[in-house]
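Undergrad: Residue numbers (the working numbering), protein chains in the order written: chain U, 1 to 379; chain Z, 1 to 296.
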Amino acid sequence: MFILCVAVGTAFAGCKKGSGDTVKIGAIFAVTGGASYLGSPEARTAQMLVDEINDKGGINGKQVELVIKDSEGNPEKAISFAKQLIEEEKVFAIIGPSTSGETMKIKSLCEESKMLLISCAAAEIIVNPVAKYVFKTPQKDSHVARMIFETMKKKGIAKIGIISDNTGFGAAGKEQLEKIAPEYGVAVLISEVYNMKATDLTGVLAKLKGQNVQAVINWSIVPAQAIVAKNMKQIKFEVPLFQSHGFGNLKYAEEAGKAGDGIIFPVGRLLVADQLPDTNKQKVLLQKFKKDYESRFKEDVSAFGGYAYDALVLLFEGMKKAGVNDREKVRDAIEQLRDIPGTSGVFSLSPQDHNGLGMNSLVILTVKDGKFVPYEKLD
Amino acid sequence: MNPEQILQYILSGVTMGSVYAVTAIGFNIVYNTTGIINFAQGEFLMLGGMTAVTLAAFLPLPLAIACAVALTAGIGGLIDLVIIRRLKNPSVLMMIIVTIGLSILIRETALHVWDAKVRSLPFFTGSEVSSINILGAYISPQVLWVLGACAVIVTGLTVFFRSTTTGRSMRACSSDRMAASLCGIDVKSMVTLSFILSAAIGALAGCVISPITQTQYDSGTSLAIKGFTVAILGGLGNSMGAVAGGIIIGLLEAFSISILPLAYMDAMAIGIMILILFFRPSGLFARKGEAALKEH
Chain U
1 MFILCVAVGT AFAGCKKGSG DTVKIGAIFA VTGGASYLGS PEARTAQMLV
51 DEINDKGGIN GKQVELVIKD SEGNPEKAIS FAKQLIEEEK VFAIIGPSTS
101 GETMKIKSLC EESKMLLISC AAAEIIVNPV AKYVFKTPQK DSHVARMIFE
151 TMKKKGIAKI GIISDNTGFG AAGKEQLEKI APEYGVAVLI SEVYNMKATD
201 LTGVLAKLKG QNVQAVINWS IVPAQAIVAK NMKQIKFEVP LFQSHGFGNL
251 KYAEEAGKAG DGIIFPVGRL LVADQLPDTN KQKVLLQKFK KDYESRFKED
301 VSAFGGYAYD ALVLLFEGMK KAGVNDREKV RDAIEQLRDI PGTSGVFSLS
351 PQDHNGLGMN SLVILTVKDG KFVPYEKLD
Chain Z
1 MNPEQILQYI LSGVTMGSVY AVTAIGFNIV YNTTGIINFA QGEFLMLGGM
51 TAVTLAAFLP LPLAIACAVA LTAGIGGLID LVIIRRLKNP SVLMMIIVTI
101 GLSILIRETA LHVWDAKVRS LPFFTGSEVS SINILGAYIS PQVLWVLGAC
151 AVIVTGLTVF FRSTTTGRSM RACSSDRMAA SLCGIDVKSM VTLSFILSAA
201 IGALAGCVIS PITQTQYDSG TSLAIKGFTV AILGGLGNSM GAVAGGIIIG
251 LLEAFSISIL PLAYMDAMAI GIMILILFFR PSGLFARKGE AALKEH
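1) For Gly185 of chain U, which residues of its own chain have a beta-carbon under 8 Å away from its beta-carbon, when the five flanking residues on both sides are left out?
2) If you draw a straight line from the alpha carbon of Asp274 of chain U to that of Ile364 of chain U, how long is it in whole angstroms?
3) Under DSSP, the beta strand (DSSP E) around Thr125 of chain Z begins and ends at which residues?
4) Quick one: is Val367 of chain U near chain Z, going by C-beta distance under 7 Å?
5) How should Cys150 of chain Z be labelled, buried or exposed, when 16 other C-beta atoms within 10 angstroms of its C-beta is the threshold for buried?
6) Checking contacts by CB at 7 Å: is Val222 of chain U closer than that to chain Z?
7) In this structure, what does DSSP give as the bridge partners for Ile192 of chain U?
8) For a contact meaning CB atoms closer than 7 Å, what does Thr343 of chain U contact in chain Z?
9) If contact means a Cβ-Cβ distance below 7 Å, which residues of the segment 170–203 of chain U contact chain Z?
10) Counting only Cβ pairs nearer than 9 Å, list the residues of chain U close to Ala263 of chain Z.
11) Hey, is the segment 54–70 of chain Z in contact with the segment 185–198 of chain Z, meaning 3+ C-beta pairs nearer than 8 Å?
12) Have a look at Z:Gly250, Z:Ala244, Z:Gly235, Z:Ser239 and flag the residue whose alpha-carbon is nearest the alpha-carbon of Val223 of chain Z.
13) Considering just the uninterrupted stretch of the beta strand (DSSP E) at Phe237 of chain U, what are its terminal residues?
14) Within 10 angstroms of the Cβ of Arg107 of chain Z, are there 16 or more other Cβ atoms? Answer buried if so, exposed if not.
15) Would you say Glu43 of chain Z lies against chain U (beta-carbon separation less than 7 Å)?
16) Quick one: give me the first and last residue of the beta strand (DSSP E) that Leu357 of chain U is part of.
17) How long is the line joining the alpha carbons of Ile270 of chain Z and Leu7 of chain Z, rounded to whole angstroms?
18) Tell me, please, whether the segment 277–288 of chain U touches the segment 254–261 of chain U by the rule of three or more beta-carbon pairs shorter than 8 Å.
19) Spatial neighbours of Thr125 of chain Z within its chain, please: C-beta separation below 6 Å, excluding the five flanking residues on both sides.
20) Quick check: what's the CA-CA separation for Ile217 of chain U versus Thr199 of chain U?
21) Does Tyr138 of chain Z have its Cβ less than 7 Å from a Cβ in chain U?
22) Under 7 Å Cβ-Cβ, which residues of chain U neighbour Met16 of chain Z?
23) Output needed for Phe29 of chain U: all residues of its chain with C-beta closer than 6 Å, excluding positions within five of it in sequence on either side, in chain order.
24) For Gln139 of chain U, count neighbouring Cβ atoms within 10 angstroms of its own Cβ and tell me buried if that reaches 16, exposed if not.
25) At what residue ranges does the segment 104–156 of chain U contain a whole run of the alpha helix (DSSP H), taking only runs of 4 or more?
26) Does His245 of chain U pass the burial test, meaning 16 or more other C-beta atoms within 10 Å, or should it be called exposed?
27) Would Gln234 of chain U pass as a contact of Ile263 of chain U if the rule is Cβ separation under 7 Å?
28) Does the beta carbon of Ser36 of chain U come closer than 7 Å to any beta carbon on chain Z?
29) Output, in sequence order along the chain, the residues in the segment 232–262 of chain U whose CB is closer than 8 Å to any CB in chain Z.
30) Can you give me the Cβ contacts of Asn38 of chain Z inside the same chain, cut-off strictly under 6 Å, excluding the 5 residues immediately before and after it?
31) Using a C-beta to C-beta distance shorter than 7 Å, which residues of chain Z count as neighbours of Lys207 of chain U?
32) Quick check on DSSP: helix, strand or coil for Asp115 of chain Z?
33) Is any beta-carbon of chain U found at less than 7 Å from that of Glu108 of chain Z?
34) Give the DSSP-derived three-state secondary structure of Ile134 of chain Z in the structure shown.
35) Could you give the residue range of the beta strand (DSSP E) that holds Thr366 of chain U?
36) Please decide whether Gln142 of chain Z counts as near chain U, where near means a Cβ-Cβ distance under 7 Å.
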């Protein structure tokens, strides 16, 4: 009996020691499937950052264990992985998912389980209305829309056409664009939704051309971003083309080829890190991330990996402040973070703002000879 | 609508229509020999496009396309030798399930061989910004390549099926397998040949349309749905019908955009397919006797 007690006691002690040395972080990303251009760099970035923090001795002396689940962009899979991470893996916090649709599906689940979730998806509805345990790192769609309209105002554009794809991202963007346009005196003459798999959009662009719009906004994911640009040039529809922050990957500019020249879009500063003035708070971090990522994975850095980077930065900052035992305290600490440089901008969160990025987190870029260049002077 | 805009819709309809037509022709070849619909046809287009893009990195474009066509043709032949031929007394339903399964298998393999990124071949003439002015409306020069390829394939197939012994033997297999084999036709080789031919034509089509549509590991499925609709509309097994059907669907879609919200565009094709199946299941251009899914 005594031996048994000792044995059980030792086993328990061993167990405690094991879990005491590491802290588990769950990650749900669309590593494969249609949204892999988001999830794959996110998963790589997250792993890179966790390795780096572990090499430096972990957080408050504890090693971080990253558990990555590949949702393939499928909301149903995201739900079951979230349940698995919460109930079986007993993770401390979850980062991801990659897409807005998936995030909205697991938002209430995390809220009910009091699980900390830092999403890497774009749609504003994720943090508006605010949910106590849910944060997100990419810039809000409404800020992106405002940046586009401000640029239009400077160019004297007052009549536009909007086209968007039929994904959650496209629908959320279309809604914001139509809502905000009147504030800037911009009239939306026509707004069309197309299938995300569309291969030729000359028909709908001819319809826009017939309305004599002064500019086109396309809010979509790949491959339509490049098709729109090509088709506009093909039918000699020569008005400026604006795109969303979803255009933030150099590959898309390459796909559009010569047709991509002149595309205007707002995005974070990561893609022009080297061109920033030295006074910029993000510059050092952006250059380091770009260098680390590109040397380790041999591919161009994109804004999407940055979203995962920021999610971990916020989480780690919170954990450094509040320790790794009490999720509630970490949540409170994240909500109080101010002036934290990330890849998407400088984060200042509050109980009312679980995104923490202002309009100044975005810059307007344009495409020139297959490269991203600043549209206006950078700060 | 001004005349220029009407012309622009016509050209945009012809562009998409020609893409649908080359897809549909592939369905017809396998159907003409075996009486089955190969739902993996869209994947042949994708494979052709993807292989050509990969090879074009170190080969001149025409050679890359030729190699891609040959490789895909080989895969088509292997599919018959390894899978289709080994099925005992396959029913139409079973063949449909097998080919749908194959299409998923090819798609997932392509995802692992390449990745999920979108690729495309360079434009054969001009570039992505060049266009030809036709009375104030514009068309990409690549569309002329697609139409040209369409014309060559259709003429070639018509001659092949009508005037060569092999072509006639393939048609004989389609009308009556038993009778054909009694006449000394090697039915199994004919089926293999039809898979090789349809894969080759699919791959060629995939290369020619790739600058317009771009290619991705899962781009075969949506092409196959449109191609199948077009094949039904034109009359299964009828290549000329496929071209006419493709252009009809393309034009209807293009003009539907001008009056209806764009979201209804895909519903057009499906709606037309349902109407055709109700009122003229043999298709617009086929004689009734040739029609109806063949039973084996």
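Beta carbons are placed, not taken as given, at the ideal position from N, Cα and C, and that holds for glycine.
TA: Put simply:
1) For this step, residue 185 of chain U is matched to residue 185 along the first sequence. Excluding positions up to five away in sequence, the list reads Lys153, Ala158.
2) Stepping through the first sequence from its first residue, residue 274 of chain U is reached at position 274. Stepping through the first sequence from its first residue, residue 364 of chain U is reached at position 364. Straight-line Cα distance between these residues: approximately 15 Å.
3) Here the question's residue 125 of chain Z lines up with position 125 in the second sequence. Counting along the chain, Thr125 of chain Z falls outside any beta strand (DSSP E), and DSSP gives it neither H nor E.
4) By one-based count along the first sequence, residue 367 of chain U stands at place 367. Not one chain Z Cβ lies under 7 Å of Val367 of chain U.
5) Translated into positions along the second sequence, residue 150 of chain Z becomes position 150. Answer is buried; the Cβ neighbour count reaches 16.
6) Numbered from 1 along the first sequence, position 222 holds the residue referred to as residue 222 of chain U. Residue-level contact check: Val222 of chain U touches chain Z, since one or more beta carbons of chain Z fall below 7 Å from its beta carbon.
7) One-based indexing of the first sequence puts residue 192 of chain U at position 192. For the sequence presented, residue 192 of chain U should be read as Glu rather than Ile. Note: Glu192 of chain U sits in a beta bridge opposite U:Ile163.
8) Sequence index remark: in the first sequence, residue 343 of chain U carries index 343 (1-based). Those do not exist, as Thr343 of chain U stays about 22 Å from chain Z at its closest Cβ, beyond 7 Å.
9) Here the close residues are Glu192, Val193, Tyr194, Asn195, Lys197, Thr199, Asp200, Thr202, Gly203.
10) Sequence index remark: in the second sequence, residue 263 of chain Z carries index 263 (1-based). Within chain U, the residues near Ala263 of chain Z are Asn166, Glu192, Val193, Tyr194, Asn195.
11) no
12) Along the second sequence, read from residue 1 onward, the residue named residue 223 of chain Z stands at position 223. First, the residue type needs correcting, since residue 223 of chain Z is Leu and not Val in the sequence shown. Here the closest residue by C-alpha is Z:Gly250.
13) Counted from its first residue, the first sequence places residue 237 of chain U at position 237. Looking at the DSSP string, Phe237 of chain U is not in any beta strand (DSSP E), and its letter there is neither H nor E.
14) Against the second sequence, residue 107 of chain Z aligns to sequence position 107. Label assigned to Arg107 of chain Z: buried.
15) Reading the second sequence from its first residue, position 43 is the one you call residue 43 of chain Z. No, Glu43 of chain Z lies away from the interface with chain U (no Cβ there is under 7 Å from its Cβ).
16) As a first step, residue 357 of chain U is located in the first sequence; it is residue number 357 there, counting from the start. If you look at Leu357 of chain U, you'll find it isn't in any beta strand (DSSP E); DSSP assigns it neither H nor E.
17) Taking the first residue of the second sequence as position 1, residue 270 of chain Z is located at position 270. Taking the first residue of the second sequence as position 1, residue 7 of chain Z is located at position 7. Roughly 25 Å between the two C-alpha positions.
18) no
19) Here residue 125 of chain Z refers to the residue found at position 125 of the second sequence. Cβ within range, chain order: Pro141.
20) In the first sequence, counting from the first residue as 1, residue 217 of chain U sits at position 217. In the first sequence, counting from the first residue as 1, residue 199 of chain U sits at position 199. Between Ile217 of chain U and Thr199 of chain U, the alpha-carbon positions lie close to 18 Å from each other.
21) In the second sequence, residue 138 of chain Z corresponds to position 138, counting from 1. Cβ-Cβ to chain U under 7 Å: yes for Tyr138 of chain Z.
22) As a working note, residue 16 of chain Z is residue 16 in the second sequence. Ordered by position in chain U, the residues that pass the 7 Å Cβ test against Met16 of chain Z are Asp200.
23) If you number the first sequence from 1, residue 29 of chain U lands on position 29. Gly39, Glu42, Ala43, Gly96, Ser98, listed in sequence order.
24) For the purposes of this step, residue 139 of chain U is identified with residue 139 of the first sequence, where counting begins at 1. Under this definition Gln139 of chain U is a buried residue.
25) 141–155
26) Counted from its first residue, the first sequence places residue 245 of chain U at position 245. Classification for His245 of chain U: buried.
27) Within the first sequence, numbered from 1, the residue matching residue 234 of chain U stands at position 234. Within the first sequence, numbered from 1, the residue matching residue 263 of chain U stands at position 263. Against a cut-off of 7 Å, the Cβ pair of Ile263 of chain U and Gln234 of chain U comes out as no contact.
28) Along the first sequence, one-based indexing puts residue 36 of chain U at 36. With 7 Å as the cut-off, Ser36 of chain U counts as an interface residue toward chain Z.
29) Lys233, Gln234, Ile235, Lys236, Lys251, Glu255, Ala256, Gly257, Lys258, Ala259
30) One-based indexing of the second sequence puts residue 38 of chain Z at position 38. These residues qualify, in order along the chain: Val30, Thr99.
31) Taking the first residue of the first sequence as position 1, residue 207 of chain U is located at position 207. Within 7 Å Cβ-Cβ: Ile257, Ser258.
32) Here residue 115 of chain Z refers to the residue found at position 115 of the second sequence. Note: Asp115 of chain Z maps to coil in three-state DSSP.
33) For the purposes of this step, residue 108 of chain Z is identified with residue 108 of the second sequence, where counting begins at 1. Judged by the 7 Å Cβ criterion, Glu108 of chain Z is not in contact with chain U.
34) The residue you call residue 134 of chain Z lines up with position 134 of the second sequence. Of the three classes helix, strand and coil, the one that applies to Ile134 of chain Z here is strand, per DSSP.
35) Counting from one through the first sequence, the residue named residue 366 of chain U turns up at place 366. Here the beta strand (DSSP E) through Thr366 of chain U covers 363–368.
36) Here residue 142 of chain Z corresponds to residue number 142 of the second sequence, with the count starting at 1. Output row for Gln142 of chain Z: interface = no.
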